[in-house]
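>
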Amino acid sequence: MQKSLHINPDKCTGCLQCEMACSFENYAVFAPARSRIKVFDFHATGRKVPYTCTQCDEAWCLHACPVDAITVDKLTGAKLVNESTCVGCKVCTISCPFGTINYVQETGKVQKCDLCGGDPACATACPTGAITYVDANWTGLNKMQAWADKLGNQPTA
Amino acid sequence: MSWAGKILRVNLTAGTVKSEPLRMDWAKQFLGSRGLGSKYLVEEVDPKVDPLSAANKIIWATGPLTGTMASTGGRYTVITKGPLTGAIACSNSGGYWGAELKFAGWDMIIFEGKSPKPVYLYINDDVAELRDAAQLWGKTVWDTEAALKTQLQDPQVRVSSIGGAGENQVLYAAVVNDLHRAAGRSGVGAVMGSKNLKAIAVRGTKGVGNIANPKEFMKVAAEKKKILAENGVTGQGLPAYGTQVLMNVINEIGALPTRNHRDSQFEGAKDISAEAMATPRKTDGRKPLVTNQACFGCTIACGRVQTIDKGHFTVENKPQYWGASGGLEYEAAWALGAANGVNDLETLQYANVLCNEHGMDPISFGATIGAVMELYEMGVLTKEQLGTDAKFGSAQALAHFAEITAKGEGFGKEIGQGSKRLTAKYGHPGLSMTVKGQEFPAYDARGIQGMGLAYATSNRGACHLRGYTVASEVLGIPVKTDPLVAEGKPELVKAFQDATAAFDSSGLCIFTTFAWGLPDLAPQVAAACGDEFTLENLAIIGERIWNMERDFNNKAGFTSKDDTLPKRLLTEPAKTGPAKGLVSKLPEMLPKYYEARGWTADGQLKPETRSRLGL
Numbered sequence: 001m002q003k004s005l006h007i008n009p010d011k012c013t014g015c016l017q018c019e020m021a022c023s024f025e026n027y028a029v030f031a032p033a034r035s036r037i038k039v040f041d042f043h044a045t046g047r048k049v050p051y052t053c054t055q056c057d058e059a060w061c062l063h064a065c066p067v068d069a070i071t072v073d074k075l076t077g078a079k080l081v082n083e084s085t086c087v088g089c090k091v092c093t094i095s096c097p098f099g100t101i102n103y104v105q106e107t108g109k110v111q112k113c114d115l116c117g118g119d120p121a122c123a124t125a126c127p128t129g130a131i132t133y134v135d136a137n138w139t140g141l142n143k144m145q146a147w148a149d150k151l152g153n154q155p156t157a
Numbered sequence: 158m159s160w161a162g163k164i165l166r167v168n169l170t171a172g173t174v175k176s177e178p179l180r181m182d183w184a185k186q187f188l189g190s191r192g193l194g195s196k197y198l199v200e201e202v203d204p205k206v207d208p209l210s211a212a213n214k215i216i217w218a219t220g221p222l223t224g225t226m227a228s229t230g231g232r233y234t235v236i237t238k239g240p241l242t243g244a245i246a247c248s249n250s251g252g253y254w255g256a257e258l259k260f261a262g263w264d265m266i267i268f269e270g271k272s273p274k275p276v277y278l279y280i281n282d283d284v285a286e287l288r289d290a291a292q293l294w295g296k297t298v299w300d301t302e303a304a305l306k307t308q309l310q311d312p313q314v315r316v317s318s319i320g321g322a323g324e325n326q327v328l329y330a331a332v333v334n335d336l337h338r339a340a341g342r343s344g345v346g347a348v349m350g351s352k353n354l355k356a357i358a359v360r361g362t363k364g365v366g367n368i369a370n371p372k373e374f375m376k377v378a379a380e381k382k383k384i385l386a387e388n389g390v391t392g393q394g395l396p397a398y399g400t401q402v403l404m405n406v407i408n409e410i411g412a413l414p415t416r417n418h419r420d421s422q423f424e425g426a427k428d429i430s431a432e433a434m435a436t437p438r439k440t441d442g443r444k445p446l447v448t449n450q451a452c453f454g455c456t457i458a459c460g461r462v463q464t465i466d467k468g469h470f471t472v473e474n475k476p477q478y479w480g481a482s483g484g485l486e487y488e489a490a491w492a493l494g495a496a497n498g499v500n501d502l503e504t505l506q507y508a509n510v511l512c513n514e515h516g517m518d519p520i521s522f523g524a525t526i527g528a529v530m531e532l533y534e535m536g537v538l539t540k541e542q543l544g545t546d547a548k549f550g551s552a553q554a555l556a557h558f559a560e561i562t563a564k565g566e567g568f569g570k571e572i573g574q575g576s577k578r579l580t581a582k583y584g585h586p587g588l589s590m591t592v593k594g595q596e597f598p599a600y601d602a603r604g605i606q607g608m609g610l611a612y613a614t615s616n617r618g619a620c621h622l623r624g625y626t627v628a629s630e631v632l633g634i635p636v637k638t639d640p641l642v643a644e645g646k647p648e649l650v651k652a653f654q655d656a657t658a659a660f661d662s663s664g665l666c667i668f669t670t671f672a673w674g675l676p677d678l679a680p681q682v683a684a685a686c687g688d689e690f691t692l693e694n695l696a697i698i699g700e701r702i703w704n705m706e707r708d709f710n711n712k713a714g715f716t717s718k719d720d721t722l723p724k725r726l727l728t729e730p731a732k733t734g735p736a737k738g739l740v741s742k743l744p745e746m747l748p749k750y751y752e753a754r755g756w757t758a759d760g761q762l763k764p765e766t767r768s769r770l771g772l
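Line order of the protein sequences matches chains A and B. Residue numbers for the first sequence follow the working numbering, beginning at 1 and rising by one. Residue numbers for the second sequence follow the working numbering, beginning at 158 and rising by one.
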């Protein structure tokens, strides 16, 4: 079963545990500046929104790469950057419609979410369930259940 | 390790910035943040210095766990000699700024001297420089943050700054970061303003990567987060209701100081409580509370985000206040509300937002208004002087005072001096509800006896955050004690004060202590900083910090005579509630407290205490 990172902004408190977990997993350092998931804080509404790569099937970044440095992890479906192949041309960062693949000046390569090989550290670290790692075919399951509850699970008088 | 190992020293007079290695010998004795920053202050500043003079210094300090994945690891402390009290001032804030400073590779920043013109400090990892702030001076905290992000072309920069209150040296001006988080008490913002220092903008990309034992740290931090999640207070009460969960509870036990402590129960408490914030308004059908919010790394998320009713008289035709903004915490709701007899939630929200926007402490501001209203009702202050009727309960007066104090206009200048100076000026010093010049927070010393002792002996003047025995006396954490008795309180207060000093110095938030004790903190510090940070060592570090602060205050001229409460709490019994007929039993508790501390009868450290603690 393939799984997807699933994000529910309503549950996000803006604690950035996910950003620290991401940088720690990949670079052994707590550094939101190096995280591949970003939480956006919209002050005027009070909403916080975690945002990262959704692992497109027909991934723009993968198709745009001139040196085929981006490949598919067959197990997780993640699009992976092969750092030894990447030449840092940044064409993928232009082609990605969502901005979730980014250049890293310290390494001269690009980085993006790789789903941590199937056990995403951000989802594990999230204290509120705003970021979960669930069956890719059923990312809507909880939402459906909540609405089903409203629709037909009321006690009868 | 987990300290960055490096501090920044900024001489504002000379305009120089230099890097120094952190004194690791001091870090081992005083841990970080509050403790370590205070160590630098007491070593470098004459205790008798005028707090608003160039000879005072002001320090921003993080702890070893700031910027780590330990829950609540986002705290920093601003330390200086405080202008409101003349005692050591040490105010803690959350938000994201503290972690950002650590990520840039600095444990603390020490500012000395006074800049000839307004400046701000810009830190981008290793590079730090003072820059001209002429264009920022006069701006609010919010506009300053926005302007710096634009000017520096970096939306990710974090800002710690002052607004008009700090510039005008309101004696309880705050330092504010991330729009709504404040190093709120004791006037640290006024010291910043006195130095012509407007802001510190930080961008840190390096992160914290020197945890002593990373594997153990991740394991133990995760275990401790689970404790927070499963605890009723930190896992449910605080995220759902915030600190405001206390309003009705404290009112019921008869310890909600009301109308400048004339009363200890407020008939309007329910109107300004957490429950009221979560109830749809009649006018627009929306709840004032929008959502909760976390500071950096915090898995509790007690912060409030709220809206003010657009049609309310305070914000009519002021669209800048119509969006979501930082919401009422218990202390602010009490100080702006019960302390003045005001039960209009929307006005409290408005006054609170002005405190954030202009950078002032809502506790001292609100409590000072309590004194103003009492003086008004006595006929000492007049409508002509104040620019408004100011009876207890007047929401209009509260809104007016918030505006003129924040902007330093008219009588607002006098309100900005705090209640001690204001009541003395008008001949009624007994009406100042303060200790060492700092206003009380939201717990009546007659109804929660331990808090009376905690206030009287707090090293920064009246404060709930130096020894929160409410946890034990009201909530039963870690054990339930009777709030109405004096017995056992000296030891309880000492234990809370020492443990709190250790927590504050770690870089974590003391709200974790609703669920954690030192045995939960110790393994996290040990995994991050080294095995020597055992439970026993942290307990001693906490006690050492407390005594160091005390020693500074003694040298500044404070004596045991200053460890007291206003006459009202010692002689006027509570009129209603469980504490009816009681006054504070401070005189009974204080000598026992000194004894437990190892101090002389006049509150000085005994030589053996000094040597036991390595001071």
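Every residue gets a Cβ at the ideal spot worked out from N, C-alpha and C, and that includes glycine.
Can you check the region 330-390 of chain B for any beta strand (DSSP E) of at least 3 residues that lies completely inside it and give the ranges in chain order?
332-334, 338-340, 354-360
> Going straight from the alpha carbon of F96 of chain A to that of A356 of chain B, what length do you get?
To locate residue 96 of chain A, count along the first sequence from 1; it is residue 96. To locate residue 356 of chain B, count along the second sequence from 1; it is residue 199. Residue 96 of chain A is actually Cys in this sequence, not Phe. Taking the straight line joining both Cα atoms gives about 37 Å.
> Counting beta carbon pairs with one atom in the region 358-377 of chain B and one in the region 20-35 of chain A, are three or more of them shorter than 8 Å?
yes
> Spatial neighbours of D135 of chain A within its chain, please: C-beta separation below 7 Å, excluding the five flanking residues on both sides.
Translated into positions along the first sequence, residue 135 of chain A becomes position 135. The residues are M1, K3.
> Is there a Cβ from chain A that is less than 9 Å from the Cβ of A458 of chain B?
If you number the second sequence from 1, residue 458 of chain B lands on position 301. For A458 of chain B, the answer is yes, since a Cβ of chain A falls inside 9 Å of its Cβ.
> Determine the closest residue to D264 of chain B out of B:G192, B:A753, B:S768, with distance taken between C-alpha atoms.
Within the second sequence, numbered from 1, the residue matching residue 264 of chain B stands at position 107. Among B:G192, B:A753, B:S768, the Cα nearest to that of D264 of chain B is on B:G192.
> Which of helix, strand or coil does DSSP assign to D41 of chain A?
Taking the first residue of the first sequence as position 1, residue 41 of chain A is located at position 41. Correct three-state label for D41 of chain A: strand.
> Please list, in chain order, all residues of the same chain as G350 of chain B whose beta carbon is under 6 Å from its beta carbon, the five residues on each side excluded.
Within the second sequence, the letter at position 193 stands for residue 350 of chain B. I319, G323, E324, Q326.
> What three-state label does DSSP hand V592 of chain B in the structure shown?
Within the second sequence, residue 592 of chain B is the residue found at index 435, counting from 1. If DSSP states are grouped into helix, strand and coil, V592 of chain B belongs with the strands.
> Going by beta carbon distance, what residues of the same chain come within less than 6 Å of G77 of chain A, once the five residues before and after it are set aside?
Position 77 of the first sequence, counted from the start, is the residue given in the question as residue 77 of chain A. Taken in chain order, the residues that qualify are Q2, Q55.
> Pick helix, strand or coil for M111 of chain B, following the three-state DSSP scheme.
Outside the displayed span of chain B (158 to 772) sits residue 111 of chain B, for which this structure offers no information.
> Starting from M20 of chain A, find everything on chain B with Cβ-Cβ shorter than 8 Å and list it in chain order.
Translated into positions along the first sequence, residue 20 of chain A becomes position 20. Chain order gives the chain B residues near M20 of chain A as T225, M226, G454, where near means a beta carbon separation below 8 Å.
> Which residues in chain B have a C-beta closer than 7 Å to the C-beta of R36 of chain A? List them in chain order.
Taking the first sequence and counting its residues from 1, one reaches residue 36 of chain A at position 36. The premise fails here: R36 of chain A is roughly 14 Å from chain B at the closest Cβ pair, so nothing lies under 7 Å.
> Following the continuous alpha helix (DSSP H) through R701 of chain B, name the residue where it begins and the one where it ends.
Position 544 of the second sequence, counted from the start, is the residue given in the question as residue 701 of chain B. Note, R701 of chain B: alpha helix (DSSP H), 692-713.
> Check whether the region 184-201 of chain B and the region 261-277 of chain B are in contact - that is, three or more C-beta pairs closer than 8 Å.
yes
> Going by beta carbon distance, what residues of the same chain come within less than 8 Å of D677 of chain B, once the five residues before and after it are set aside?
Locating residue 677 of chain B in the second sequence gives position 520, where the first residue counts as 1. Hits under 8 Å: K381, I384, T669.
> Would you mind giving the Cβ-Cβ distance between E488 of chain B and N616 of chain B, rounded to the nearest angstrom? I have them listed as a contact below 8 Å.
As a working note, residue 488 of chain B is residue 331 in the second sequence. As a working note, residue 616 of chain B is residue 459 in the second sequence. 19 Å between Cβ atoms; not a contact.
> In the structure shown, what three-state DSSP assignment does W216 of chain B receive?
Indexing the second sequence from 1 puts residue 216 of chain B at position 59. The amino acid occupying residue 216 of chain B in the given sequence is Ile; Trp does not appear at that position. I216 of chain B: strand per DSSP, three-state reduction.
> Using DSSP's beta-bridge definition, name the partner residues of W299 of chain B.
Here the question's residue 299 of chain B lines up with position 142 in the second sequence. Note: W299 of chain B sits in no beta bridge, so no partner.
> Following the continuous alpha helix (DSSP H) through R769 of chain B, name the residue where it begins and the one where it ends.
For the purposes of this step, residue 769 of chain B is taken as residue 612 along the second sequence, with counting starting at 1. Start and end: 764-770.
> Ignoring anything shorter than 3 residues, give me the beta strand (DSSP E) runs that lie fully in the region 247-298 of chain B, in order along the chain.
265-269, 276-281, 284-289
> Given that P50 of chain A touches chain B, what residues does it touch there, using C-beta distances under 8 Å?
The count along the first sequence starts at 1 and reaches residue 50 of chain A at position 50. The premise fails here: P50 of chain A is roughly 12 Å from chain B at the closest Cβ pair, so nothing lies under 8 Å.
> Which residue marks the beginning of the beta strand (DSSP E) containing G633 of chain B, and which one marks its end?
On the second sequence, position 476 is the one that residue 633 of chain B refers to. Per DSSP, G633 of chain B belongs to no beta strand (DSSP E) and is neither H nor E.
> Taking R338 of chain B and G252 of chain B to be in contact with their CB atoms under 8 Å, please state how far apart those CB atoms are, rounded to whole angstroms.
Looking up residue 338 of chain B in the second sequence gives position 181. Looking up residue 252 of chain B in the second sequence gives position 95. Confirmed, about 3 Å.
> Taking the DSSP output, what are the residues bridged to R443 of chain B?
The sequence position of residue 443 of chain B within the second sequence is 286, counting from 1. Answer is none; R443 of chain B lacks a bridge partner.
> Beta carbon of L258 of chain B, beta carbon of Y233 of chain B: below 9 Å?
Position 101 of the second sequence holds residue 258 of chain B. Position 76 of the second sequence holds residue 233 of chain B. Going by C-beta atoms, L258 of chain B is nearer than 9 Å to Y233 of chain B.
> Bridge partners of L80 of chain A, per DSSP?
Position 80 of the first sequence, counted from the first residue, corresponds to residue 80 of chain A. According to DSSP, L80 of chain A bridges with A:T71.
> Any residues in the region 80-91 of chain A with a beta carbon nearer than 8 Å to a beta carbon of chain B? Which ones, in chain order?
none
> Note down, in chain order, every chain A residue with its Cβ under 9 Å from the Cβ of P586 of chain B.
Locating residue 586 of chain B in the second sequence gives position 429, counting from the first residue. When 9 Å is used as the limit between beta carbons, P586 of chain B is near no residue of chain A, the shortest such separation being about 42 Å.
> Between P396 of chain B and chain A, is the shortest Cβ-Cβ distance under 9 Å, so that the two count as touching?
On the second sequence, position 239 is the one that residue 396 of chain B refers to. By this cut-off, P396 of chain B is an interface position.
> Return the residues of the region 106-131 of chain A that lie within a Cβ-Cβ distance of less than 8 Å from chain E, sorted by chain order.
Of the chains in the structure shown, none is chain E; the protein chains are A and B.
> Over what stretch of residues does the beta strand (DSSP E) that includes Q606 of chain B continue unbroken?
Position 449 of the second sequence, counted from the first residue, corresponds to residue 606 of chain B. Counting along the chain, Q606 of chain B falls outside any beta strand (DSSP E), though it belongs to the alpha helix (DSSP H) covering 606-614.
> Per DSSP, which residues does G460 of chain B bridge with? Please list them.
For the purposes of this step, residue 460 of chain B is taken as the residue at position 303 of the second sequence. According to DSSP, G460 of chain B bridges with B:Q450.
> Going by DSSP, what residue range makes up the beta strand (DSSP E) through P178 of chain B?
Residue mapping note: residue 178 of chain B aligns to position 21 of the second sequence, counting from 1. Where P178 of chain B is concerned, the enclosing beta strand (DSSP E) stretches over 173-178.
> Output, in chain order, the set of chain B residues within a Cβ distance shorter than 7 Å of V29 of chain A.
Within the first sequence, residue 29 of chain A is the residue found at index 29, counting from 1. G364, V365, G366, listed in chain order.
> Do T219 of chain B and G255 of chain B have their beta-carbon atoms positioned less than 9 Å apart in this structure?
In the second sequence, the residue the question calls residue 255 of chain B occupies position 98. In the second sequence, the residue the question calls residue 219 of chain B occupies position 62. A contact, by the Cβ cut-off of 9 Å.
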